[in-house]
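So the sequences go chain by chain: B and D. The first sequence begins at 282 in our numbering and counts up one residue at a time. The second sequence begins at 5 in our numbering and counts up one residue at a time. A short worksheet on the structure shown next.
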Amino acid sequence: MSEKIKKSFSQCLATFALIVISVLVLLNATGTDFSVPEVKAGEATSSASGQVGNATPTVSAVNVASTTIDLNPNNTTSVIITGTITDTNGGSDISSATATLYATSTNENCSANDNTCYISITCTLGAAVGNDRNATCTTNIWFHSNPGGWGASILAADNSNATGTATDTVPSTVNTLNAVIVTESITYDTLSPGNNMASTTKTIYATTTGNAAIDVQIKGNDMTYGATGTIVAANERYATSTVGWVSGNIASSTNYVNFEVDLAKPTTHPSDSADIIYWGWSVPGGTPIGTYSGTLFFNPVSD
Amino acid sequence: MGLNKIPQFLLVTLLFLFWAGICQAGFGVSPPWVKCEHLLQGSHFEQTISLVQSDTKTDFYATVELSSELSGIKDWIKIDKGMEFTILGGVQQFPIKITVDVPQDAKLGEYGGYIWISGKPVKEAGTQITTMTGGTIEVNLKVTDKEFSDWTLRDLGVRNLAKDEKTIKVYLKVENLGNVKARPSKVHLDIYDDNHQNLLSSGDNTELDWIPSFQTQEITAEFPVDLEPTQQYWAEIEIYKEDELLLADKRRFNVGEIPTKEVPGQVSKPLEELEESETGLKFGFLKNKIFLFSLLGIVLAVGLGFGIRRIRKSGIGLEIKIKKKTAKRKKVKGEDD
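See the structure below:
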């Protein structure tokens, strides 16, 4: 009988212990405070409680770092957007931010478009200074981004996923960029002196790599061979299509000359704005035999 | 893929192949002009222009020419880098400043032409005709006797104050577009507390510095304040052009040092919360003495309970009991005898 009692006592003790442990763990898991309130001698004790609500972050001082932006031809250009985020729950409550960079012809709610709108730009947050954190957001914009006013907005979130946003009140300017790339070289047909190519068949591709519609201005150096052989640039002729050599435009060696190619503003990358300039040459009678070389110059100019 | 999509697809593919095949150095100018319609006799005008390259592997030896149309005003135009300069390899954007100084006796009228930037040809082995790209800067100037006043705001902000500083400075970057001096007519400032609830100070400044014609300068509007140090504040700023409110904006500023706390950069939740969410339990109670002592006591009690049980199961306790019972029976039997 005594043995049974002892066995039962042990089992009860173990069960009780397990129950107590479970209760303690549960109480703690639900956040029950086990600490004993500190009581000072001579003071009446009372308790007070209140819940601190979440404050929505506020964004201010949104700014594109450069007041004017010059684009890089056929490439991207880095643009930095900055702003200040404030949260009265403390700066460390600010958790993330993203930015939008947009042409002022649209607005901050624009859809992604490499001509007018860059969205979801990642921001880096600085240290919490009191209730503030600075946001620095960097993006790369393409050479065909529209010229004119560009603004920015920053959307900030806190640890409770409350959000705040603000836009740039002093927009920056993306400058117009006239830019072109052309085929590196051509070789004319071999001719005997006193002859010319029947038509302009040698092609030079011109591609717009800026953010504006352009024409080109052209001039040429006289072609030379050795110390004395010279063929003046006027023997080189060009056109927007294959035409008879005599109908081509005469290359000038003194001034750039406007040539209407009407290259539209690119809208995508690689550039979707290109044209072909067709070239031919003649060799005056009496020209010494040899391989003559020269240079053609192409400058973009506003259409 | 629909049949009507095939030509588009081919076009895009061909365009890409074409572009890839001519991927050589390009050159550009931004902005590609020197324009001013409001020059007075004696005006000074400046324009900064970036010469930009898509390929910066080699140096670009530039020569500058003015078109014949500009021959009458060539003495007005100066380029800070001179008429020949080198853009070193690795430099993508090369700024040049073009200044125009209109003589006092300049004839009123319009002047136009081009400034050409050309590269020095580099002969490539085995080629007959090489090409070079450069830049054209369009010049459009108008000399007038009519005054023109306009300006635009390029930037604004508020500087933090030192602990004992009693003047707040609102800075404005202003571009004067006109041919006479100009300035904002008024800057109004309201200062609020950290919570943006209580207006602490308010004032106007109408005595701003003048910006010379065609210049961009930073000016400051100063306001006397007496603010508690080691605090953060809101500044609400209004900029006026004549009687018109041009812009209203707000900025944060600090007075004195504000405690700084490093926090992880772009995170959705602080690390502490992440730990909790992964386990679903809080472990702070392990630091509580009452809890720890209770737990220790319970563990000891449980251990004792299990210990007794094991002893009984192993038979040691039973042997003792049997010995005690045998001794007791012997004693009883002896008494009976």
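Ideal Cβ placement from N, Cα and C applies to all residues, glycine included.
Looking from the CA of K61 of chain D, the closest CA among D:E232, D:I91 and D:G161 belongs to D:I91. DSSP, reduced to helix, strand and coil, places I223 of chain D within a strand of the structure shown. Taking 8 Å as the threshold, the shortest C-beta distance from S58 of chain D to chain B falls below it.
In its chain, beyond the 5 residues on either side, H425, S426, N427 and T548 have a beta carbon closer than 7 Å to the beta carbon of N396 of chain B. In the same chain as K39 of chain D, and ignoring 5 residues on each side of it, the C-beta atoms closer than 6 Å to its own belong to N144, in chain order. DSSP places V527 of chain B within a helical segment (H, G or I) once states are collapsed to three. Annotated three-state conformation of A305 of chain D is helix, per DSSP. Annotation: Cβ neighbours of A408 of chain B in chain D (cutoff 8 Å, chain order): T264, K265, E266 and V267. For I570 of chain B, there are no neighbours in chain D by C-beta distance under 8 Å, as the nearest C-beta there is about 14 Å away.
By the neighbour-count criterion, in which a residue is buried when 16 or more other Cβ atoms sit within 10 angstroms of its Cβ, M87 of chain D is exposed. Annotation: the continuous beta strand (DSSP E) that includes R256 of chain D extends over E248 to V259. By the Cβ-count criterion, E114 of chain D is exposed, with fewer than 16 other Cβ atoms from all chains shown falling within 10 Å of its own Cβ.
When 7 Å is used as the limit between beta carbons, N199 of chain D is near these residues of chain B: T369, in chain order. Remark: C-beta atoms of S341 of chain B and R255 of chain D approach each other more closely than 8 Å.
According to the DSSP assignment, C398 of chain B belongs to the beta strand (DSSP E) that extends over C398 to L406. For L157 of chain D, the chain B residues whose Cβ falls inside 7 Å of its Cβ are V451, in order along the chain.
In terms of Cβ geometry, E261 of chain D and A408 of chain B do not form a close pair [threshold 8 Å]. K546 of chain B counts as buried, since no fewer than 16 other beta carbons sit within 10 angstroms of its beta carbon. Taking all protein chains shown into account, P228 of chain D has fewer than 16 neighbouring C-beta atoms within 10 Å of its C-beta and is therefore exposed. For the region 459-487 of chain B, the beta-carbon criterion of a distance under 7 Å to any beta-carbon of chain D is satisfied by N459, A460, V461, I462, V463, T464, E465, S466, I467, T468, Y469, I485 and Y486. Cβ contact annotation for Y506 of chain B (same chain, cutoff 6 Å, sequence separation greater than five): G571 and Y573, in chain order. Distance from the Cα of T363 of chain B is smallest, within the candidate group B:N492, B:A393 and B:A437, for B:A437. Counting other Cβ atoms within 10 Å of its Cβ, G93 of chain D stays below 16 and is therefore classed as exposed. Closest in C-alpha terms to A378 of chain B, from the list B:N477, B:I512, B:T490 and B:C404, comes B:C404. Residue-level contact check: V582 of chain B touches chain D, since one or more beta carbons of chain D fall below 8 Å from its beta carbon. Contact between L157 of chain D and L176 of chain D holds, since their C-beta atoms are separated by about 6 Å, short of 8 Å. A Cβ of chain B is located within less than 8 Å of the beta carbon of I133 of chain D. Boundaries of the beta strand (DSSP E) around V538 of chain B: V538 to L544. Going by beta carbons, T369 of chain B and I400 of chain B fall outside the 8 Å limit.
As the crow flies, the alpha-carbon of T264 of chain D is around 12 Å from that of N258 of chain D. Rounded to the nearest whole angstrom, the C-alpha separation of P107 of chain D and N536 of chain B is 27 Å. In the DSSP assignment, Y115 of chain D falls within the unbroken beta strand (DSSP E) covering G113 to G123. Between D208 of chain D and the set D:G182, D:A239, D:L74 and D:I102, the nearest pair of CA atoms involves D:A239.
Between D351 of chain B and V56 of chain D, the gap from beta carbon to beta carbon is short of 8 Å.
Residues of the region 335-367 of chain B whose Cβ lies closer than 8 Å to any Cβ of chain D, in chain order: T339, S341, A342, N344, T348, D351, L352, N353, P354, N355, N356, T365 and T367.
A straight-line Cα-Cα distance of about 38 Å links G567 of chain B and D63 of chain D.
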